[in-house]
Amino acid sequence: MSSHQHTITALVQNEAGTINRLVSLFRRRGFSLASFNAGDCEDPGFSRLTFIVNGDDSTVSQCLKQLDKLIDVVECEDLKPELSVQRELALIRVEPTEEQRQAVYNVVNEFMARTPRANVNCIVVEQVSDVSNLERLIKALEPYNITEIVRTGTVAMKVEE
Amino acid sequence: MFAADKVVGSEPNVGHGSEKMNRSGARIVMEALVREGVDTIFGYPGGVVLPLYDEMLNWPQVKHVLVRHEQCAAHMADGYARATGRVGVCLATSGPGATNLVTGIATAIMDGIPMVAITGNVNSWAIGKDAFQETDIQGITIPITKHNYLVTDIHELPQVLAEAFYLANTGRKGPVLVDIPKDVFTALTDAEFPTTISRRGYVVAGAPDPAQVEVAAAMIAEAKRPVIIAGAGVLHSGAMDELLALAETTQIPVINSLLGLGSFPRNHKLSVGMMGMHGEATGTLAVQEADLVMGIGIRFDDRLTGNTNGFAPKAKIVHFDLDPSEIGKTVSPVAFVLGDLKQSLAELNKLVQPTTRPEWDAQLTEWKQQYPLIVPEGRFLTRTVLRGLNDHTKGQAIVATDVGQHQMWTAQFYKMERPRSFLSSGGLGTMGYGFPAAMGAKFARPDEEVWAIAGDGGFQMTLQELQTAVEYNCNVKICLINNGFLGMVRQWQELFYDNRHSHVAMGSPDFGKLADAYGVKFFRCSRAEDLEATLQGASNHDGPVLCEFVVEMEENVFPMVGPGATNSSLVMDPDLEDSAAAHEAGAFETTHAGAKH
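What follows is the structure, encoded as structure tokens:
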């Protein structure tokens, strides 16, 4: 079976050590974690997490079962792309030359990105999109001296058909 | 946002000052023990647990056994749990006290043993500041506990303790650690224990899906050469009667994993004993020839399956377990039944038909005759001793082993007739486990005869508990096999490292003088003629006994499946002459002979 990326969402009960326990599971069982994101959710005392996991189907199946076994994990699921909304936020700082500045803004407009902060030295580009769009944006900005990228990792929500 | 973020620098919720708040954290711990029916705990005091030890004096109904090393507190709690099915409890102070529990907790998680470990920690306001004897025991034990807690709010303590016992002894059982800062032991609360426990997302396995049971029953009906491999899950679920009924109705032979020993009477005609790396040849061969393998409460671990690519090559596998993560973890079953084993087997028993299997039965009988376990006569071997111990106790004693050659020979030669009578560190393989585990079992079941079986290596890891045994008159008998070697390591060096002995010769103290120093009754035996008299002398003595059996130094365990090899390439005992032609005794097939033991 070929290895590919899976998006796993988990609802967890917050206690001392919860995040440590979740991440430790990936480390000790050798599951390949590409990104994870955690934040508050609609239930006080609970959080929803999104893991991007690389692996074949049986590995990811085992990963899900092991996650589900953790006492803090209320539920977890491997989300199908077509039945979910998946987004990532990125902040990209570029430090273009004077002559390049307009080109940067052209790229920003083309991708419908935003520039929440800019000064004579740098422009901070903000984008919320799916990962492939984000990566195309980064590629488009590469000629203009990217000096820092900060990404949240994917967040995903299941959406019924 | 996350609870972990709240700990550092926050004010503890100490709850002082209210008239309604009248119970201390220390008292709540003792109340929890009584509520859970804990009659004995194993522990060691220290600075931050002083409030609990002071409170303990008010609770004579809970016996505290003062160990000599915290590792042994965990092993005793483990032995207590294995011998009874009840939760074993151990207690340690912060820092080194807590870290000394780690080996015992890791031993328990690997074998699914219900345990609650209570540790003290530094004051909650000092956590994270590298205070004296501070350690992050919660972080350290995350991978080796079923769940763990750091309780910084006294009002949560009753809920946490009730939950800890519930989690430890439900579903896939395991150790739960509760870390309690010193100021939480002294803080006051009016919080009550919960009347029911429920956690979102924690579902205890119950009755199986009837469709899954029907599939399993149909597979049995079709099978010509079926086997059952019964594991510790049968014991954890208390499904021994259902297993016996299933085997007798369907006439399916019952093989055991190491920790499944005791789940099926060893002298039953359908019992085949242990299979795997050092299992009996009949069981291992039967699985390789079987057309149906029913794994019941086993996790298909590597010591049982050998190289999974060649495991049960002619068989369909059906896996019975309560833990979904065990299904398909190492082997791929064609069917599974998820649920509590007692209920799953009871449902299965309603569907299976009485059967006879004369040909398959004859094949197993032939293998048993062709490849018996042998004890060469006229020599004094570990096997001689363990066969003698089995004859002496008629398989009725509780035996706790260490790890290594004697462990495998105990599994082969000690015919466990009853559940919960075989205590051994199967998953983690913890040397030093046997003696303290035997003590834990004896504290739990004082009317039973309890034997610890240990080698000279493992015994020297935890022998300081002789003093504990003396102080509490813990009447365990120690069968100390002294061959002057770390025997299993030497065996591997002989077979896979060109017989180059590297740091395996093991010196020992004069065990007679040692026993004398501790005030323990001692016997030394080095001749087969004296064996039964020695064992009888030990049984007759009212108190702990150390029996040293000085056996031949170089003796190897057979049959053996080499590391990385398939079970088809098991190597028979070279002393078993008739087997040589059939299985080319002595020739190991290994895919990676340097594999770690």
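Taken in order, these protein sequences are the chains called E and U.
Numbered according to the numbering used here, the first sequence spans residues 681 to 841.
Numbered according to the numbering used here, the second sequence spans residues 3 to 599.
Glycine residues also receive a C-beta, built at the ideal position from the N, C-alpha and C atoms.
Going along chain E in order, which residues have a C-beta closer than 8 Å to the C-beta of residue i?
{"i": "U:Asn150", "result": "Gly697"}
{"i": "U:Gly330", "result": "Ser738, Ser741, Gln742"}
{"i": "U:Ile144", "result": "Gly697, Asn700, Arg701, Ser704"}
Is it buried or exposed, residue i, if we count other Cβ atoms within 10 angstroms and call 16 or more buried?
{"i": "U:Lys8", "result": "Any reading at U:Lys8 needs caution, since the residue's pLDDT is 37, under 50, leaving its predicted position unreliable; the model's value is listed next. Looking at its Cβ environment, which holds fewer than 16 other Cβ atoms inside 10 Å, U:Lys8 is exposed."}
{"i": "U:Thr357", "result": "exposed"}
{"i": "E:Met792", "result": "exposed"}
{"i": "U:Thr412", "result": "buried"}
{"i": "U:Glu556", "result": "exposed"}
{"i": "U:Glu529", "result": "A small fix is needed here, since residue 529 of chain U is Arg in this sequence, not Glu. Classification for U:Arg529: exposed."}
{"i": "U:Val559", "result": "buried"}
{"i": "E:Gly697", "result": "buried"}
{"i": "U:Thr121", "result": "buried"}
{"i": "U:Gln493", "result": "buried"}
{"i": "E:Leu759", "result": "buried"}
{"i": "U:Asn422", "result": "Looking at the sequence itself, residue 422 of chain U is Arg, so the reference to Asn does not match. Buried, by the Cβ-count rule."}
{"i": "U:Phe187", "result": "buried"}
{"i": "U:Gly17", "result": "Confidence is the limiting factor: at U:Gly17 the pLDDT is only 45, short of 50, which leaves the residue's position unreliable, though a coordinate-based value still follows. It counts as buried."}
{"i": "U:Asp342", "result": "buried"}
{"i": "U:Asp544", "result": "exposed"}
{"i": "E:Val830", "result": "exposed"}
{"i": "U:Ala34", "result": "buried"}
{"i": "U:Ser20", "result": "Any reading at U:Ser20 needs caution, since the residue's pLDDT is 48, under 50, leaving its predicted position unreliable; the model's value is listed next. With fewer than 16 Cβ atoms within 10 Å of its Cβ, U:Ser20 is classed as exposed."}
{"i": "U:Arg301", "result": "buried"}
{"i": "U:Phe266", "result": "buried"}
{"i": "E:Pro724", "result": "exposed"}
{"i": "E:Thr777", "result": "exposed"}
Along chain U, in chain order, which residues have C-beta atoms closer than 7 Å to that of residue i?
{"i": "E:Val754", "result": "Arg202, Gly203"}
{"i": "E:Gln746", "result": "Ser327"}
Just checking my contact of residue i with residue j at CB under 8 Å: how many whole Å lie between their CB atoms?
{"i": "U:Pro160", "j": "U:Asn123", "result": "Contact doesn't hold; Cβ gap of about 18 Å is too wide."}
{"i": "U:Leu548", "j": "U:Ile480", "result": "5 Å"}
{"i": "E:Ala836", "j": "E:Ser764", "result": "5 Å"}
{"i": "U:Leu294", "j": "U:Ser259", "result": "Not quite, the Cβ-Cβ distance comes to about 17 Å (not below 8 Å), so this is no contact."}
{"i": "U:Pro255", "j": "U:Gln290", "result": "Wrong, their Cβ atoms sit about 14 Å apart, outside the cutoff."}
{"i": "U:Leu572", "j": "U:Thr154", "result": "The Cβ separation is near 54 Å, so there is no contact."}
{"i": "U:His149", "j": "U:Asn102", "result": "U:His149 to U:Asn102, Cβ: 21 Å. No contact."}
{"i": "U:His606", "j": "U:Pro438", "result": "Not covered by the structure: residue 606 of chain U. The range shown for chain U is 3 to 599."}
{"i": "U:Glu57", "j": "U:Arg25", "result": "Their Cβ separation, rounded to whole angstroms, is 10 Å, which puts U:Glu57 and U:Arg25 out of contact at 8 Å."}
{"i": "U:Gly380", "j": "U:Leu537", "result": "About 20 Å separates the two Cβ atoms, so there is no contact after all."}
DSSP state of residue i, grouped into three classes?
{"i": "E:Arg709", "result": "helix"}
{"i": "U:His238", "result": "helix"}
{"i": "U:Gln214", "result": "helix"}
{"i": "U:Trp61", "result": "coil"}
{"i": "U:Met32", "result": "helix"}
{"i": "U:Val9", "result": "Bear in mind that the predicted position of U:Val9 carries a pLDDT of just 38, short of 50, making it unreliable; the figure below should be weighed with that in mind. Three-state DSSP puts U:Val9 in a helix."}
{"i": "U:Met112", "result": "helix"}
{"i": "U:Leu347", "result": "helix"}
{"i": "U:Tyr606", "result": "Residue 606 of chain U cannot be examined here, being either before or after the span of chain U that is shown, 3 to 599."}
{"i": "U:Val522", "result": "coil"}
{"i": "U:Gly19", "result": "Since pLDDT at U:Gly19 reaches only 46, below the 50 mark, its modelled position is unreliable, and the value read off the structure follows with that caveat. Looking at U:Gly19 - three-state DSSP - the assignment turns out to be coil, as it is neither helix nor strand."}
{"i": "E:Gln742", "result": "helix"}
{"i": "U:Gly99", "result": "helix"}
{"i": "E:Val805", "result": "strand"}
{"i": "U:Met276", "result": "strand"}
{"i": "U:Gly588", "result": "At U:Gly588, the pLDDT of 48 sits below 50, so the modelled position is not reliable and the matter cannot be decided from this model."}
{"i": "E:Ile800", "result": "First, the amino acid is wrong: residue 800 of chain E is Val here, not Ile. Note: E:Val800 maps to coil in three-state DSSP."}
Name the residue from the options whose alpha carbon lies nearest to the alpha carbon of residue i.
{"i": "U:Leu350", "options": "U:Phe338, U:Pro360, U:Leu548, U:Glu361", "result": "U:Phe338"}
{"i": "U:Ser346", "options": "U:Val274, U:Gly406, U:Ala218", "result": "U:Ala218"}
{"i": "U:Asp114", "options": "U:Thr252, U:Leu324, U:Leu572, U:Leu391", "result": "As written in the sequence, residue 114 of chain U is Gly, which differs from the Asp given in the question. Nearest option by C-alpha distance: U:Leu324."}
{"i": "U:Ile400", "options": "U:Ala79, U:Val51, U:Arg84, U:Leu59", "result": "U:Arg84"}
{"i": "E:Val804", "options": "E:Ser727, E:Leu771, E:Lys749", "result": "E:Leu771"}
{"i": "U:Ala75", "options": "U:Pro98, U:Cys92, U:Gly81", "result": "U:Cys92"}
{"i": "E:Val800", "options": "E:Arg707, E:Glu790, E:Asn789, E:Glu775", "result": "E:Glu775"}
{"i": "U:Gly203", "options": "E:Asp752, E:Asp720, E:Pro796, E:Phe711", "result": "E:Asp752"}
{"i": "U:Thr95", "options": "U:Ser200, U:Pro47, U:Leu68, U:Asp575", "result": "U:Pro47"}
{"i": "U:Gly106", "options": "U:Gly459, U:Gly431, U:Glu473", "result": "U:Gly431"}
Run down chain U in chain order and give the residues with a C-beta less than 9 Å from the C-beta of residue i.
{"i": "E:Asn717", "result": "The contacting residues do not exist; E:Asn717 stays about 13 Å from chain U at best."}
{"i": "E:Arg797", "result": "Those do not exist, as E:Arg797 stays about 25 Å from chain U at its closest Cβ, beyond 9 Å."}
Could you name the residues of chain E that residue i contacts, counting a contact when the two beta carbons are closer than 9 Å?
{"i": "U:Gln140", "result": "Ala696, Gly697, Asn700"}
{"i": "U:Pro169", "result": "At residue 169 of chain U the sequence reads Leu, which differs from the Pro that was named. The answer, in chain order, is Ile751."}
For residue i, go through chain U and note every residue whose CB falls closer than 8 Å to its CB, in chain order.
{"i": "E:Gln693", "result": "Arg201, Arg202, Gly203"}
{"i": "E:Arg708", "result": "Pro145"}
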